[in-house]
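Chemist: The numbering used here numbers the first residue of the sequence shown as 12 and each following residue consecutively. Following this message is one structure expressed as structure tokens.
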Amino acid sequence: MLSLTFGYFISLLFYTSSNELNLVDTTDSAFPILQALLAFFFGFGFIFRKYSQNLQRPLTIILLFLVGTEAYWVIQEGASEFLIDYIFSFELILVTAILGGFTAGLYCGSLRDYRFLSFALGVTIFTFHSLFDPNHNYSLKTIIAVLFVLFEIYLFSTFLQKSAFSSRFYKIRSKIGKHPLFAPFYRSSLSLLISYCILHVYFQPGPKIPLILSISFAVFFGRILSLLTGIKHETKAVFLIGRATLVIAFFFFVYQSYWNYFHIALCILLAGMVGFFKPNESGKKEYIFVSLEVFGYTALSLILYHWNIMLGIRSFLALGFVPILVYPYLMQKHIVRTPRLIMLGVTCLITILFFHPPSIRSNAPFSKKEIYDPIPYKIINANIATDEFVFYRSILPFQSDPFLPKKTEIKNKTIILSLQNNQSQIISYIERLSKEKHPFLIFISRKKENPSPHINALSLLKRVSFWSFDVYYPPYTEQPIGFSEGIPKDWRLKYFQERLENANTEEARIALDSIIKFSSGDLRKDAFTIKQLYYESYADYASFYYSIGQNKLALDSITLARKFEVPKKDLLRIAYNSLKFTSPEPDFIPILEDLAGEEEFQEFAWNTLLPMFESLSDFENALKTMSLLEKYYRNHNQTDLANELELVKVRLYLNQENWKDAEPLIFARVKENPESVIWGRLKNEVIEKKESSRRIYARPEKREARIQ
Numbered sequence: 012m013l014s015l016t017f018g019y020f021i022s023l024l025f026y027t028s029s030n031e032l033n034l035v036d037t038t039d040s041a042f043p044i045l046q047a048l049l050a051f052f053f054g055f056g057f058i059f060r061k062y063s064q065n066l067q068r069p070l071t072i073i074l075l076f077l078v079g080t081e082a083y084w085v086i087q088e089g090a091s092e093f094l095i096d097y098i099f100s101f102e103l104i105l106v107t108a109i110l111g112g113f114t115a116g117l118y119c120g121s122l123r124d125y126r127f128l129s130f131a132l133g134v135t136i137f138t139f140h141s142l143f144d145p146n147h148n149y150s151l152k153t154i155i156a157v158l159f160v161l162f163e164i165y166l167f168s169t170f171l172q173k174s175a176f177s178s179r180f181y182k183i184r185s186k187i188g189k190h191p192l193f194a195p196f197y198r199s200s201l202s203l204l205i206s207y208c209i210l211h212v213y214f215q216p217g218p219k220i221p222l223i224l225s226i227s228f229a230v231f232f233g234r235i236l237s238l239l240t241g242i243k244h245e246t247k248a249v250f251l252i253g254r255a256t257l258v259i260a261f262f263f264f265v266y267q268s269y270w271n272y273f274h275i276a277l278c279i280l281l282a283g284m285v286g287f288f289k290p291n292e293s294g295k296k297e298y299i300f301v302s303l304e305v306f307g308y309t310a311l312s313l314i315l316y317h318w319n320i321m322l323g324i325r326s327f328l329a330l331g332f333v334p335i336l337v338y339p340y341l342m343q344k345h346i347v348r349t350p351r352l353i354m355l356g357v358t359c360l361i362t363i364l365f366f367h368p369p370s371i372r373s374n375a376p377f378s379k380k381e382i383y384d385p386i387p388y389k390i391i392n393a394n395i396a397t398d399e400f401v402f403y404r405s406i407l408p409f410q411s412d413p414f415l416p417k418k419t420e421i422k423n424k425t426i427i428l429s430l431q432n433n434q435s436q437i438i439s440y441i442e443r444l445s446k447e448k449h450p451f452l453i454f455i456s457r458k459k460e461n462p463s464p465h466i467n468a469l470s471l472l473k474r475v476s477f478w479s480f481d482v483y484y485p486p487y488t489e490q491p492i493g494f495s496e497g498i499p500k501d502w503r504l505k506y507f508q509e510r511l512e513n514a515n516t517e518e519a520r521i522a523l524d525s526i527i528k529f530s531s532g533d534l535r536k537d538a539f540t541i542k543q544l545y546y547e548s549y550a551d552y553a554s555f556y557y558s559i560g561q562n563k564l565a566l567d568s569i570t571l572a573r574k575f576e577v578p579k580k581d582l583l584r585i586a587y588n589s590l591k592f593t594s595p596e597p598d599f600i601p602i603l604e605d606l607a608g609e610e611e612f613q614e615f616a617w618n619t620l621l622p623m624f625e626s627l628s629d630f631e632n633a634l635k636t637m638s639l640l641e642k643y644y645r646n647h648n649q650t651d652l653a654n655e656l657e658l659v660k661v662r663l664y665l666n667q668e669n670w671k672d673a674e675p676l677i678f679a680r681v682k683e684n685p686e687s688v689i690w691g692r693l694k695n696e697v698i699e700k701k702e703s704s705r706r707i708y709a710r711p712e713k714r715e716a717r718i719q
């Protein structure tokens, strides 16, 4: 029962923590250290317990005390989310990893057949349950506390002697695990499975429920099958099936362009072989060889990925996988030479034909959903573009950290946060900041249809409302920001507040233009100032989006900025550079018209506008733009381009059946160039179309005459 519970809760811990690890900066050097310590002490505890007859009493007492202390700290002081402790109490996280990894290794090293089956069943039960109820709303703090309690029970149980009844369960032995022919299958499949899991986690981080499910399910039922008595009489058939299965699994392993194709099939095959072919007794030397093989698989895979060499040489180096896989098979004296050579040849052929270098995990593509509606942040009086502030997924146009900043990064600085994503973790982060009296600000965009977000955590904070956004700050700090010095603080502020409080961008522009048109004096002057602040805010967003390569968002911000002022030269240059890498859209026509006002960008703007007007059937603007572009080319002695535009203009006239403008131009060019094939064809086309039009109009009269 204890093994069953361990299996369930360790799987639940793995599921919950893998979701939270998405919020941890895994590129930081501290995280690999944490992973390495966890793996090392788990392996040390596993080997120590597996080959130690008894757990020494002094060590057990020390572990009981340490685990109890750790459980008390987790319950009393630990945060509900892993990353909060990781950020603010990393030293204690390291101690917990060392202690928990070592104790978990001790427990797993003590598993025997019956307890191993119970443990695998617990993992399988959780993974099946997770498919039907994926929303496990358990905090990591609770799961770790339960695991520490289970560790305490396990350590305490080592003081008790095993009864004769329980010993019989430990003596369950696999019927298939006694045969020496099957030893290479177990070792090769185990090392291949461990290597693949390491590589899969490295290349594809994130929740691994399908991976856990396939492995736990296959190991459990593979082990159950190995206990069947009838299997031991089919040695030859089992041997052939095992050899074929190992070759198929190796094919799936080497054909891993992204380390996700066939991964479920690969895990089921390998884990099933591990459970089925596990020998009843394994020596220390066996696991040393497994460790070396795992190192070989993993190191060779990473070298082939990170070492940029020719494909032919890469395929040749990939043959290094072959001896790692078949070495246990080749060294087996009970197998005759021919099958061993066949196995070696087949695996070499598979590697040469199907090996593809793995692709490393890539950052999630930038999504517009991650960028919020720009706000006119310049109306506040804080100079945010300084080193005094640290940003986390902020809605402001400044480079934000995708991970919550650590304790060392926020010293003597103010944190600017957003509650748009991962609210639970950020609320815990805010609670910890409040506990340490650290200053922070939360900027939240306030839309007209949703004037204030309903988040309970915000009710404990103070709020300053601005036009279309709110700023929250902790109650232990004085109001950190207010309106800009350029905005009046008297009755005029209330006047503007009533008109701009919940106005969107278009409504704000209309309100300010109305004030400028119908007011005078200070109100009119203040309206101009506010329009300038709006323009500068959206211009900053455009610069920020352009700097991170988001050209479409930069153009969207320029569209907002030009509602308040004519774009300045620097903003037009951003528009020009962004439009070169963006598909033209009708919404960008006003920006292109602004660009056409600057000689530097005229040719590009007119060349972009011309096909857009044609596609929109706006022939008037198309002809106007064409004339401007033709004049531009003639003024710059680009006669060939101007003549080409003349042909486009004629074609545009013909599409509209505008003979009045097309015919004089065509006949004039034919007269100048009587040998021109193109203008001759256009002349004939005009004559034919005019004759065709006359026949169409004549037909109804002739038909009526025939009827009469």
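Where a beta carbon is used, it is the ideal one built from N, C-alpha and C, also for glycine.
#1: Compare the beta carbon distance of PHE263 and LEU128 with 8 Å and say whether it is the shorter of the two.
#2: Using the Cβ count rule (16 or more neighbours within 10 Å means buried), how would you classify ARG573?
#3: Which residues does DSSP pair with PHE454 in a beta bridge?
#4: Looking only at its own chain, which residues have a Cβ that is under 8 Å from the Cβ of PRO486, when we skip the five neighbours before and after it?
#5: So what does DSSP say about ARG510, is it helix, strand or coil?
#6: Assign TRP502 to buried or exposed, taking buried as 16 or more other Cβ atoms, counted over all protein chains shown, within 10 Å of its Cβ.
#7: Please state if the CB of SER495 and the CB of ASN392 are separated by a distance shorter than 8 Å.
#8: Beta-carbon within less than 7 Å of LEU23's beta-carbon, same chain only, minus the 5 sequence neighbours each way: which residues are those?
#9: Throw me the rounded Cβ distance for the PRO387 and TRP478 pair, which I believe falls under 8 Å.
#10: THR425 bridges to which residues according to DSSP?
#11: Under 8 Å between the Cβ atoms of TYR213 and SER141?
#12: One question on the structure: do LYS61 and GLY18 come within less than 8 Å of each other, judged by their Cβ atoms?
#13: Beta strand (DSSP E) containing PHE477: first to last residue?
#14: Let me know the secondary structure DSSP gives TYR266 once reduced to three states.
#15: Rounding to the nearest angstrom, what Cα-Cα distance links ILE602 and LEU504 in this structure?
#16: Taking contact to mean at least 3 C-beta pairs separated by less than 8 Å, is the stretch 111-120 in contact with the stretch 48-60?
#17: Using only the alpha-carbon positions, how far apart do SER312 and ALA90 sit?
#18: Span of the alpha helix (DSSP H) holding ALA282?
#19: Distance, Cα to Cα, LEU70 vs PHE59?
#20: I need the DSSP call for PHE494, collapsed to helix, strand or coil.
#21: Please report the residue range of the alpha helix (DSSP H) in which TYR165 lies.
#22: Alpha carbons only, please: which of LEU210, LEU257, SER199 and LEU571 is nearest the one belonging to ILE299?
#23: Taking ARG123 as the reference, which of LEU634, ALA616, ARG234 and LEU277 has the closest Cα?
#24: Quick check on ILE406: does DSSP put it in helix, strand or coil?
#25: Checking 8 Å against the spacing of the C-beta atoms, do LEU151 and PHE93 come in under that value?
#26: Between the beta-carbon of LYS418 and the beta-carbon of PHE99, is there less than 8 Å?
#27: Tell me the start and end of each unbroken alpha helix (DSSP H) in the stretch 577-616 that is at least 4 residues and wholly inside, in chain order.
#28: Considering Cα atoms alone, identify which of ILE361, SER225 and PHE76 is closest to THR135.
#29: Which first and last residues belong to the alpha helix (DSSP H) in which GLY56 is found?
#30: With a threshold of 7 Å on Cβ separation, who are the neighbours of TYR552 within its own chain once the five nearest residues in sequence on each side are excluded?
#31: Helix, strand or coil: how does DSSP classify ILE353 here?
#32: Using a Cβ-Cβ cutoff of less than 7 Å, which residues in the same chain neighbour SER185 once the five nearest sequence positions on both sides are dropped?
#33: Out of LEU341, PHE507 and LYS422, point me to the one whose CA is closest to ASP533's CA.
#34: What residues match up with ASP144 in a beta bridge as DSSP calls it?
#35: Quick one: give me the first and last residue of the alpha helix (DSSP H) that THR540 is part of.
#36: On the premise that PRO491 lies in contact with LEU452, defined as a C-beta separation below 8 Å, what is that separation, rounded to the nearest angstrom?
Modeler: In short, the structure shows the following:
#1: no
#2: buried
#3: VAL482
#4: LEU471, LEU472 and LYS473
#5: helix
#6: exposed
#7: yes
#8: PHE137, HIS147, TYR149 and ILE154
#9: 6 Å
#10: PHE400
#11: no
#12: no
#13: 473-477
#14: strand
#15: 32 Å
#16: yes
#17: 38 Å
#18: 274-288
#19: 12 Å
#20: strand
#21: 151-168
#22: SER199
#23: ARG234
#24: coil
#25: yes
#26: yes
#27: 580-590 and 600-607
#28: SER225
#29: 41-61
#30: PRO385, PRO408 and SER568
#31: helix
#32: SER237, LEU238, LYS289 and ASN291
#33: PHE507
#34: According to DSSP, ASP144 bridges with nothing at all.
#35: 532-558
#36: 7 Å
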